[in-house]
Each structure stands twice: as C-alpha cells, then as structure tokens.
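Here is the structure we will look at.
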Amino acid sequence: MTLEIEQFMCRSDNFGVLARDPSTGETAIIDAPEVGPILAAIERTGWTPTVILTTHHHPDHVEGNLALKEKFGLTIIGPESEAARIPGIDRTVRDGETFRFGSGTVGVIETPGHTAGHVCYNFADSHVAFTGDTLFSLGCGRLFERKAPDMFASLKKLTALPLETIVYCGHEYTQSNARFALGIDPTNSALKTRAAEVDRLRALGLPTLPTTLMQEMATNPFLRAHDPVIRRNLGMEAATDEAVFAEIRKRKDIA
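Numbered per the numbering used here, the sequence shown spans residues 20 to 274.
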C-alpha cells in the first residue's frame, strides 16, 4: 500500500491530514482539529473519509470529531486509556496493536509524555508515521501529563522505526524549534542546513512537513541526547542520556 496524503493547515498552527489507500479508496482523517478546513480538503480531493485516527484527547485534536462523524458516519479510533475524553470514540487501541486499513495494516505505538495515553500511527507498508504531538520536526511535545523519562522512552520507540520513515506531526512548530535547537547544537551542519530551509519555506508560506526520521535523527536535539557535542554544550558530559533529554526539555519550556 502506498498512501496518498493531503496535508493542510487548521486553526493557527495545527496540521490536518487526509490519508487514502488508492487501491480501496479507504480514507483516514488524522486527528480532527477544525471542521471547516477538513471539509474543504475532502471537497478538494474528492476523498470520502471512513475513519478518524485520534492521537490524543486535547481539544485541538478532537474538536471536529462529532460533526464529522455525524456527516460521514465514520468510525473514530483512539487510545484506550483516553477513551473517556475523546468525543464519539468507537474503537480503542493500545500499544503494539495492529489493525487493517485499506489493503495494509496500521501499527499503534503508545507514546506517553505529552498526554498519558498518546498514541502514534505507523503505516509501515507506506513507511509513514503520524506522530501527533509526541515528535515534532526539530522538537517534541511539551510534557503535560507525564514526566521526562516517559517521553524519553516514547521517543526511543519512534527512533526504532526505519530511518526512511516519513513523519507527519501535529503542528507547524519547526521554525521556532530550529531557533532553539541551534542554541543547543550550534555547530551541527545538518541542523544549520535544515534551519535555513525551514526559514525559506516559511517565508514562502509553505509547510515544513513532512520530515523523515533520518533527518530528525541528524538534527533534532531531543533525539540526540547521546551526542557528545550537545552534552559538552550543556556541561553534562557525565550525565545519562535521559538526564540530558530532561535538561533539553526543561530549557525549551522556558525558551
């Protein structure tokens, strides 16, 4: 299965996504931040959605659930541990579970940190992962419901995916993330190249996503707590990777 993907903006900085299996026509909405832009994307593509894949319960990811369910009669899937907080949910999923989508399967990766039950959806046949508010380009989600060790472990799950995995995230935060990342890792040539490209794209009003896991492994400081240059810049040469990650997240929170 090779997914067809339509990415678009919702609200002020959320990404909306439609993902379609062309062999069957089955179409997923990845989170439902805002009804209007999602309906416009459906009209533009001519794709009829059959399911919403919800990553977590925050209002800016589920606001459109009920209206879209009423209009299309679709199924809403989301994390089991957050079911009570996801409007209209029909089916729950948990870590390690797979389910059919079109001619392929979707893998569920539970990634607590941003919320207690956040999940990501991995379309392994297409080498595409939807990471919601866990992994951003050059960043990671703020820790609202779990602590740094949980998010560190969640990100390690995502970095175990194939490096060619194409990553779609929940928000357009890349430019601000790049500024912060350069403060942590200023001599990283791959990061400097990426930051310049991000500035160019944003100046043109273009999205900075999708990214790839390979690109993030080379440039995202939240995935690079092991890097000796970052550790030296933080004065944490002898610290554990988990402690370095926690310090980077703490600094980003006050940046």
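For glycine and all other residues, C-beta sits at the position ideal for the given N, C-alpha and C. Being a predicted model, the structure only gives us computed values, none of them experimental.
Inset, instruction - Would you mind sorting L22 into buried or exposed? The rule is 16 or more other CB atoms within 10 Å of its CB. - result: buried
Legend entry - Boundaries (first-last residue) of the alpha helix (DSSP H) holding P229: Unbroken run through P229: none, as it is neither H nor E.
Inset, instruction - Assign T124 to one of three DSSP states: helix, strand, or coil. - result: strand
Inset, instruction - Give me the Cα-Cα distance between L225 and A197, rounded to the nearest whole angstrom. - result: 16 Å
Legend entry - As assigned by DSSP and simplified to three states, the class of V130: Looking at the sequence provided, one finds Thr at residue 130 rather than Val. Of the three classes helix, strand and coil, the one that applies to T130 here is coil, per DSSP.
Inset, instruction - Starting from N207, trace the alpha helix (DSSP H) both ways and give me its first and last residue. - result: Counting along the chain, N207 falls outside any alpha helix (DSSP H), and DSSP gives it neither H nor E.
Inset, instruction - Assign R251 to buried or exposed, taking buried as 16 or more other Cβ atoms, counted over all protein chains shown, within 10 Å of its Cβ. - result: exposed
Inset, instruction - Thinking Y140 and L72 are a contact (beta carbons under 8 Å), I'd like their distance in whole angstroms, please. - result: 5 Å
Legend entry - Residue of E25, H190 and M233 minimising C-alpha distance to L210: M233
Legend entry - Distance CB(A51)-CB(L87) smaller than 8 Å: yes
Inset, instruction - Measure the Cβ-Cβ separation of T184 and H133 and say whether it is below 8 Å. - result: no
Inset, instruction - Would you mind giving the Cβ-Cβ distance between R165 and P131, rounded to the nearest angstrom? I have them listed as a contact below 8 Å. - result: 5 Å
Inset, instruction - Would you give the residue range spanned by the beta strand (DSSP E) that R39 belongs to? - result: N33 to R39
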